[in-house]
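**Student:** The sequence shown lines up with residues 15 to 396 when you count with our numbering.
Here you go, one structure.
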Amino acid sequence: MNKPSKNKVLNLGLLYSHSGVYNFGQQRYKDLVQYLNYTSFDDLDRSAMRSWIWQTCNEFGFFGTTDSGNSFFGSRISLNFYIDICMDVFGYNVEKIKAGIAKTLKVYGGMENYTGTNVIAPRGSIDPWSALALKASNDSSVIPYLIEEGSHCSDMSPPSESDSESMKNLKALILQNIKKWIGVSPINNFVDARSSNNKQKKLYGSQITWGKDSGFYKYKPSKKQLRRSFGRYLHKEILMKKFTENAAYMNITQNAISQPADHFNKTDAKEWNQRFWNNSVFYKSDGPVFLMIDGEGPGGPSFINDENSPFLTWAKRFGADTYFLEHRGYGESLPTSEQSMETLKYISSEQALADIANFIEAINEIRPNSKWITFGGSYKYN
Numbered sequence: 015m016n017k018p019s020k021n022k023v024l025n026l027g028l029l030y031s032h033s034g035v036y037n038f039g040q041q042r043y044k045d046l047v048q049y050l051n052y053t054s055f056d057d058l059d060r061s062a063m064r065s066w067i068w069q070t071c072n073e074f075g076f077f078g079t080t081d082s083g084n085s086f087f088g089s090r091i092s093l094n095f096y097i098d099i100c101m102d103v104f105g106y107n108v109e110k111i112k113a114g115i116a117k118t119l120k121v122y123g124g125m126e127n128y129t130g131t132n133v134i135a136p137r138g139s140i141d142p143w144s145a146l147a148l149k150a151s152n153d154s155s156v157i158p159y160l161i162e163e164g165s166h167c168s169d170m171s172p173p174s175e176s177d178s179e180s181m182k183n184l185k186a187l188i189l190q191n192i193k194k195w196i197g198v199s200p201i202n203n204f205v206d207a208r209s210s211n212n213k214q215k216k217l218y219g220s221q222i223t224w225g226k227d228s229g230f231y232k233y234k235p236s237k238k239q240l241r242r243s244f245g246r247y248l249h250k251e252i253l254m255k256k257f258t259e260n261a262a263y264m265n266i267t268q269n270a271i272s273q274p275a276d277h278f279n280k281t282d283a284k285e286w287n288q289r290f291w292n293n294s295v296f297y298k299s300d301g302p303v304f305l306m307i308d309g310e311g312p313g314g315p316s317f318i319n320d321e322n323s324p325f326l327t328w329a330k331r332f333g334a335d336t337y338f339l340e341h342r343g344y345g346e347s348l349p350t351s352e353q354s355m356e357t358l359k360y361i362s363s364e365q366a367l368a369d370i371a372n373f374i375e376a377i378n379e380i381r382p383n384s385k386w387i388t389f390g391g392s393y394k395y396n
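In structure tokens:
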């Protein structure tokens, strides 16, 4: 690595560039806008970034700023930076961004009105995204958990000798609750046909195509480094690079499930195929189903092909069938052929949740009466 500088920020940049994992991407604002305005899917990393920025402008906000004080990362990134991005790429002004966030809070309730049950919600004390995490609940089945010295999604990595006592305790807590969820507590496997704002999901019989017939059979990891601005996904990229090598050994299949482009428009007949991966190596006939939900980036076998990962450690212990479902609008799970403003309407958290509901219904045809436990980190955990 180059000789260290007295400038700590520069040293951090040297470390990241030397690691070969993180690509800084565009240095000028106009180049970033040009990069995000590209609507083709011929570069899946680029299209994934456009999809994610679209969701932040249209639904979430999730704008990480550095201008609140004496920040290690400098003070150049203000809220106006993201507002400008939303305006210059998608034509969204402040009022439209606020309206989208208000709608999302109304649909899902936000932290203060969370209605989920049987949930462990970890957050890391040194993860900037923990500001968005669930911190308290009056429901005894919902356990918010602070990982001391925990970073973003650090609880999803395989166990390590360097794990803190807080991390070890969390993984023991998760194990205890999985036992309760699949063996003691009654679990409601019914998937409601309505979303949380009472919007009617149309009836649709998803069809699964397994393995070679799916058109997605051979997993092809991107040869390009992901150009991640906005602080996403360093951990996941390291894990995917490591875990992909185990796919053949674990006999993982890459498959497809048909989905409607719009779950809530009965007059829209467009369909598409969503990618998912399956690992049944540890499955027992009376075992549960574990579903890892992908989020804001291309999917892959990642979390279902390393026996040392917490996910597969628990799957092996309980004889679970395991699945990894790619989020619509990312990777090769594409509802449309391009990313114009007209077609971006199909990429939303509500549509993605309806995809998951259809997926569960389809798998229940081959795994009837199985109990389901879902996993996710970052956006997909929320």
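Glycine is no exception: its CB is placed at the ideal position from the N, C-alpha and C atoms.
Everything numeric in this text was worked out from a predicted model, so none of it was measured.
May I have the straight-line CA-CA distance separating residue 349 from residue 21, to the nearest angstrom?
**Tutor:** For the purposes of this step, residue 349 is taken as residue 335 along the sequence shown, with counting starting at 1. For the purposes of this step, residue 21 is taken as residue 7 along the sequence shown, with counting starting at 1. Their backbone Cα atoms lie some 46 Å apart in a straight line.
**Student:** Compare the C-alpha of residue 305 against each of 321, 320, 326 and 312 and name the closest.
**Tutor:** Residue 305 sits at position 291 when you count from the first residue of the sequence shown. Sorting 321, 320, 326 and 312 by C-alpha distance to the C-alpha of residue 305 places 326 at the top.
**Student:** If I measure Cβ to Cβ from residue 67 and keep anything under 7 Å in the same chain, skipping five residues before and after, which residues do I get?
**Tutor:** By 1-based counting over the sequence shown, the position of residue 67 is 53. If the five residues before and after residue 67 are omitted, its C-beta is found closer than 7 Å to the C-beta atoms of 50, 99 and 103, all from its own chain and listed in chain order.
**Student:** If you count every other CB in all the chains shown that lies within 10 Å of the CB of residue 312, and 16 or more means buried, which is it?
**Tutor:** Residue 312 sits at position 298 when you count from the first residue of the sequence shown. Looking at its Cβ environment, which holds 16 or more other Cβ atoms inside 10 Å, residue 312 is buried.
**Student:** Compute the Euclidean distance between the alpha carbons of residue 379 and residue 296, then round it to the nearest angstrom.
**Tutor:** Walking along the sequence shown from the start, residue 379 turns up at place 365. Walking along the sequence shown from the start, residue 296 turns up at place 282. Approximately 19 Å, taken between the alpha carbons.
**Student:** Would you decide whether residue 320 is buried or exposed? Buried here means 16 or more other CB atoms lie within 10 Å of its CB.
**Tutor:** If you number the sequence shown from 1, residue 320 lands on position 306. So residue 320 ends up on the buried side.
**Student:** Report back the beta-carbon spacing between residue 162 and residue 139 to the nearest angstrom; my notes put them in contact at under 8 Å.
**Tutor:** Along the sequence shown, one-based indexing puts residue 162 at 148. Along the sequence shown, one-based indexing puts residue 139 at 125. The pair is a contact, with the Cβ atoms about 5 Å apart (cut-off 8 Å).
**Student:** Inspect the beta-carbon positions of residue 70 and residue 93 and report whether they are closer than 9 Å.
**Tutor:** The sequence position of residue 70 within the sequence shown is 56, counting from 1. The sequence position of residue 93 within the sequence shown is 79, counting from 1. No, they are not a contact pair.
**Student:** My parser needs the beta strand (DSSP E) runs of 3 or more residues fully inside the region 85-138; what are they?
**Tutor:** 133-138
**Student:** Can the beta-carbon of residue 462 be found less than 9 Å from the beta-carbon of residue 136?
**Tutor:** A query on residue 462 cannot be resolved here, the shown segment of the chain reaching from 15 to 396 and no further.
**Student:** What is the residue span of the beta strand (DSSP E) that residue 291 lies within?
**Tutor:** Taking the sequence shown and counting its residues from 1, the one referred to as residue 291 is at position 277. Note, residue 291: beta strand (DSSP E), 285-293.
**Student:** Measuring alpha carbon to alpha carbon, tell me which of 371, 182 and 133 ends up nearest residue 194.
**Tutor:** Along the sequence shown, one-based indexing puts residue 194 at 180. Closest by C-alpha distance to residue 194, out of 371, 182 and 133, is 133.
**Student:** Thinking residue 274 and residue 218 are a contact (beta carbons under 8 Å), I'd like their distance in whole angstroms, please.
**Tutor:** Working through the sequence shown from its first residue, we reach residue 274 at position 260. Working through the sequence shown from its first residue, we reach residue 218 at position 204. Sure, about 5 Å apart at Cβ, within 8 Å.
**Student:** Give me whichever residues DSSP pairs with residue 377 in a beta bridge.
**Tutor:** Position 363 of the sequence shown, counted from the first residue, corresponds to residue 377. BP columns for residue 377 are empty, so no partner.
**Student:** Taking only the alpha-carbon atoms, compute the straight-line gap between residue 88 and residue 143 and give it to the nearest angstrom.
**Tutor:** Start at 1 with the first residue of the sequence shown, and residue 88 comes out as number 74. Start at 1 with the first residue of the sequence shown, and residue 143 comes out as number 129. If I take the Cα positions, the gap works out to 18 Å.
**Student:** What residues in its chain sit with their C-beta under 7 Å from that of residue 224, if we drop five residues either side in the sequence?
**Tutor:** Indexing the sequence shown from 1 puts residue 224 at position 210. Closer than 7 Å at Cβ, skipping near neighbours: 267 and 269.
**Student:** When you compare only the Cα positions, how much space is there between residue 315 and residue 293?
**Tutor:** In the sequence shown, counting from the first residue as 1, residue 315 sits at position 301. In the sequence shown, counting from the first residue as 1, residue 293 sits at position 279. The alpha-carbon atoms of residue 315 and residue 293 are separated by roughly 9 Å.
**Student:** Can you tell me the Cα-Cα spacing of residue 44 and residue 95, whole angstroms?
**Tutor:** Taking the first residue of the sequence shown as 1, we reach residue 44 at position 30. Taking the first residue of the sequence shown as 1, we reach residue 95 at position 81. One C-alpha to the other measures close to 12 Å.
**Student:** Using a threshold of 9 Å, state whether the C-beta atoms of residue 187 and residue 222 are closer than that.
**Tutor:** The residue given as residue 187 occupies position 173 in the sequence shown. The residue given as residue 222 occupies position 208 in the sequence shown. Contact: no.
**Student:** Inspect the beta-carbon positions of residue 398 and residue 166 and report whether they are closer than 9 Å.
**Tutor:** Beyond the ends of the chain as shown, which are 15 and 396, falls residue 398; an answer cannot be given.
**Student:** With which residues is residue 181 paired in a DSSP beta bridge?
**Tutor:** As a working note, residue 181 is residue 167 in the sequence shown. Answer is none; residue 181 lacks a bridge partner.
**Student:** Quick one, are the C-beta atoms of residue 170 and residue 76 less than 9 Å apart?
**Tutor:** Along the sequence shown, read from residue 1 onward, the residue named residue 170 stands at position 156. Along the sequence shown, read from residue 1 onward, the residue named residue 76 stands at position 62. Against a cut-off of 9 Å, the Cβ pair of residue 76 and residue 170 comes out as no contact.
**Student:** At which residues does the alpha helix (DSSP H) containing residue 329 begin and terminate?
**Tutor:** Translated into the one-based positions of the sequence shown, residue 329 becomes position 315. Annotation: the continuous alpha helix (DSSP H) that includes residue 329 extends over 324-332.
**Student:** Please report the straight-line C-alpha distance between residue 41 and residue 48, rounded to a whole angstrom.
**Tutor:** Within the sequence shown, residue 41 is the residue found at index 27, counting from 1. Within the sequence shown, residue 48 is the residue found at index 34, counting from 1. Distance between the alpha carbons of residue 41 and residue 48 is about 12 Å.
**Student:** For residue 53 versus residue 354, is the C-beta spacing smaller than 9 Å?
**Tutor:** Within the sequence shown, the letter at position 39 stands for residue 53. Within the sequence shown, the letter at position 340 stands for residue 354. Their beta carbons are under 9 Å apart, which means residue 53 touches residue 354 by this criterion.
**Student:** For residue 337, which of helix, strand or coil comes out of DSSP?
**Tutor:** Locating residue 337 in the sequence shown gives position 323, where the first residue counts as 1. Residue 337: strand per DSSP, three-state reduction.
**Student:** At which residues does the alpha helix (DSSP H) containing residue 67 begin and terminate?
**Tutor:** Taking the sequence shown and counting its residues from 1, one reaches residue 67 at position 53. Taken as a continuous stretch (DSSP letters only), the alpha helix (DSSP H) holding residue 67 covers 58-69.
**Student:** If you draw a straight line from the C-alpha of residue 196 to the C-alpha of residue 389, how long is it?
**Tutor:** Start at 1 with the first residue of the sequence shown, and residue 196 comes out as number 182. Start at 1 with the first residue of the sequence shown, and residue 389 comes out as number 375. Straight through space, the alpha carbons of residue 389 and residue 196 are spaced by roughly 15 Å.
**Student:** Might you give, ordered along the chain, the residues of its own chain that have their beta carbon closer than 7 Å to the beta carbon of residue 101, omitting 5 neighbours on each side?
**Tutor:** As a working mapping, residue 101 is identified with position 87 in the sequence shown. Excluding positions up to five away in sequence, the list reads 107.
**Student:** Under the assumption that residue 148 contacts residue 125 (Cβ atoms under 8 Å), give the Cβ distance between them as a whole number of angstroms.
**Tutor:** Here residue 148 refers to the residue found at position 134 when the sequence shown is read from its first residue. Here residue 125 refers to the residue found at position 111 when the sequence shown is read from its first residue. Correct: roughly 5 Å between the Cβ atoms.
**Student:** How about residue 387 and residue 337: are their beta carbons less than 9 Å apart?
**Tutor:** For the purposes of this step, residue 387 is identified with residue 373 of the sequence shown, where counting begins at 1. For the purposes of this step, residue 337 is identified with residue 323 of the sequence shown, where counting begins at 1. Not closer than 9 Å, so no.
**Student:** When we look at the beta-carbon of residue 83 and count the other beta-carbons within 10 Å, is it buried (16 or more) or exposed?
**Tutor:** Position 69 of the sequence shown, counting from 1, holds the residue named residue 83. Burial call: exposed.
**Student:** From residue 364 to residue 278, what does the alpha carbon distance come to, in whole angstroms?
**Tutor:** Stepping through the sequence shown from its first residue, residue 364 is reached at position 350. Stepping through the sequence shown from its first residue, residue 278 is reached at position 264. Spanning the two alpha carbons is a distance of roughly 9 Å.
**Student:** With DSSP as the reference, please indicate the residues paired to residue 393 in a beta bridge.
**Tutor:** Translated into positions along the sequence shown, residue 393 becomes position 379. Answer is none; residue 393 lacks a bridge partner.
**Student:** Give the C-beta separation of residue 97 and residue 115 to the nearest angstrom, bearing in mind that I take them to be a contact with Cβ-Cβ under 8 Å.
**Tutor:** Residue mapping note: residue 97 aligns to position 83 of the sequence shown, counting from 1. Residue mapping note: residue 115 aligns to position 101 of the sequence shown, counting from 1. Incorrect: roughly 12 Å between the Cβ atoms, too far for contact.
**Student:** Look at the alpha carbon of residue 272 and the alpha carbon of residue 309, and state the distance between them as a whole number of angstroms.
**Tutor:** Numbered from its first residue, the sequence shown carries residue 272 at position 258. Numbered from its first residue, the sequence shown carries residue 309 at position 295. Distance between the alpha carbons of residue 272 and residue 309 is about 19 Å.
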